[in-house]
Structures are given as C-alpha cells and as structure tokens.
Ligand SMILES: Nc1nc2c(c(=O)[nH]1)N[C@H]1C(S)=C(S)[C@@H](COP(=O)(O)O)O[C@H]1N2
Ligand SMILES: [Mo]
C-alpha cells in the first residue's frame, strides 16, 4: 500500500503554505495576517490535526491538479447546521462530538439489510486520496483532498434488488450531542438522496478522511458523502442510515425551501438560484482582491457525468 515516505501532491503545496502561513500569522498578528491571506478563524482553539489518526491511502482517479485549500480553510470554514449555522460554528462546537462506536442501519430494497458498525462499512475498502473541487450552493468553492472509497463499491455489498431506484441517507439525530438540533433551523434529522445511477457513479465517494487523516468532526465524521458535480449540500455528513427506495426520496434543503433547492442540485452556471447567480464562485482562501472565478458545468466533471442527465430538463430538475 502506501510507502511511509510517499509525498502527496498537497504536501508540497498547501501543507507547506499552511506551515509558513502559521508562522507568518504568529509573527504578524492575527488581524493583519487574516486580512492579507483571506483566511478565517486562525486563532480558534480546537483539535489540532496532530490528534487525528493518519490513514493508509492509495492515489485515486479523477483528482484535479488545482492547488488544494489549506488544512485551516477546509476544517474551519464549514456548513454543518447540527453544530450551528455560522461558518466557524462546526469547528467551535463539534470538537467534543464522539463518533466511536458508530453504527449504520441499512435497509429498504436490498437483500443484505442490517446494522453495520464503522469497521464493517469501511474495512473491506482501499482508501483513496482524491482531490476534488467542492462548490457550495452559496457560490463559494474550495479544493479538498478527500480520503474515501467509491460509494458504489459499498452499496453493492448490500445487494440492492430491482426495485431499488434511489438511495436515501440520514444523519444522526441526537440533540444532546448535536446542539444545533435544539433549534428548528431545518427539519431534523438531515436527509439526502441520490438516484442509483448517481450513487453507483465512480466519482461518488464515501468519505472517511481529509488530507490523509481521519475526518475532523466538523467535516462530517466519521462517514459523509461527496458528490463532486453537485452542490455541497448533497454531501450529507455523519451518516447513520442508508435506505434503498423505489421512489425519489426527500432531501432536507428541498423540504425547507422547495422553490430554491431541488433533488438534483447539479452544479450549473446557467441556472441561477432565485436569489443569486450561480455563474461565478469565490474561492475560499484566495486573496481578498481576487476576482470571482467562473463556475463550470457539473463543477468541471461534465465529461464524466453529463450522460447521466441526457434528456433531462436541467432548468426544471434543479
Ligand atoms: N448533516 C449535514 N450534512 C451537511 C450539511 C449540514 O448542515 N448537515 N451541510 C451541507 C453543505 S451546505 C455543504 S456546502 C457541505 C460542507 O462540507 P464541508 O464543511 O466539509 O466543506 O456539507 C453538507 N452536508
Ligand atoms: Mo453548501
């Protein structure tokens, strides 16, 4: 598997920047440093990367060669409403979240339903490094070096039957452990869904880590989805349930605001959100003087996924 001294692409780019940026911030003072780098939350307390386990990984396909965002961008600028609605809230509020033991209930239209613990879910799969573009519906983006394995390889093990047309995912519901769930900002638990074709697509990842380390809580520990051609909200975090269904499942953002968010949520610069344009995006961590950059059809993964939507009206099916 991975030789111990293998250097991954980001280790010579972002991690090096990360170290020098920290030194710079320490020397220059937080306010000045944060203003110049566009970085956020650099002085917040929390679990350092050093306390997260290193994962044994192999290089995976489909990685972009764009420079990954820093560890700090990826782990302090998050959306995870179970831990608050502010971008730094997940980092501040998820540190004490305990993800061991972790059980996933699998059911619906399949021949191998059951309760599987984390080791059952992850154990048989080789963990891959995949650097993906990550585009939030709020018109910002990052580049993230995820660690995971193809979701389809996992789903096949549960032997979905011929009635399985969709897969539905559910996040943990536990307001004692997820303080954001004490407020009705969304209907809890968070739910998401994919068509079987989307779920089985080789780009779709079950993610267990980032930057070669196990997933920090704020990024959706211990298991979350990443579907890189869709808006970030499809990437449901802290998954405890997987269900194969014959009918299109509801998803949290479409339930909350159906006029604004649909089931598909494919990144599409030509279909605006009712309240803002989706044509351009702000790259987190870029200079505060940088221009927004153009958003790419299917977030730049059109070659791989456009055929999934042949004949579908993407304006209606947003
Ligand atoms: N359970 C759950 N999953 C979630 C969210 C959430 O609030 N709750 N936010 C989504 C949104 S809007 C985005 S952009 C991504 C953010 O992932 P990141 O914080 O790892 O960048 O997580 C998605 N998954
Ligand atoms: Mo998002």
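Numbering (our numbering), first residue to last: 122 to 439.
Every residue, glycine too, gets a C-beta built ideally from N, C-alpha and C.
Problem - Extent of the continuous beta strand (DSSP E) run through residue 262 - result: For residue 262, the enclosing beta strand (DSSP E) starts and ends at 261–271.
Handout entry: With 16 other Cβ atoms within 10 Å as the buried cut-off, status of residue 432
Key = Around the beta carbon of residue 432, fewer than 16 other beta carbons lie within 10 angstroms, which makes this residue exposed.
Exercise for the section: State the Cα-Cα distance for the pair residue 386 and residue 355, rounded to the nearest angstrom. Expected result: 7 Å
Handout entry: Host alpha helix (DSSP H) of residue 317 (start-end)
Key = Judged by DSSP secondary structure, residue 317 falls within the alpha helix (DSSP H) whose first and last residues are 317–321.
Practice task
Report yes if the C-beta of residue 202 is less than 7 Å from at least one heavy atom of ligand 1; otherwise report no.
Solution key: Within the cutoff, so yes.
Problem - Within 8 Å, strictly: CB atoms of residue 310 and residue 223 - result: no
Problem - Own chain residues within Cβ distance below 7 Å of residue 395, not counting five before or after - result: Excluding positions up to five away in sequence, the list reads 380, 381.
Practice task
Output the distance between the C-alpha atoms of residue 208 and residue 366, rounded to the nearest integer angstrom.
Solution key: 33 Å
Handout entry: Whole-angstrom distance between residue 285 and residue 155, CA atom to CA atom
Key = Any reading at residue 155 must be qualified, since the residue scores a pLDDT of 40, below 50, and its modelled position is unreliable; no value is offered.
Exercise for the section: Using the Cα positions of residue 229 and residue 347, report the straight-line distance between them to the nearest angstrom. Expected result: 22 Å
Exercise for the section: Return the first residue and the last residue of the alpha helix (DSSP H) that residue 424 is part of. Expected result: 423–426
Practice task
Kindly examine ligand 1 and report whether one of its heavy atoms sits closer than 7 Å to the Cβ of residue 359.
Solution key: True, at least one ligand heavy atom lies under 7 Å from that Cβ.
Problem - Exposure of residue 150, with buried meaning 16 or more beta-carbon neighbours within 10 Å - result: For residue 150, the pLDDT reaches just 39, beneath the cut-off of 50, and the residue's location in the model is therefore unreliable, leaving the point undetermined.
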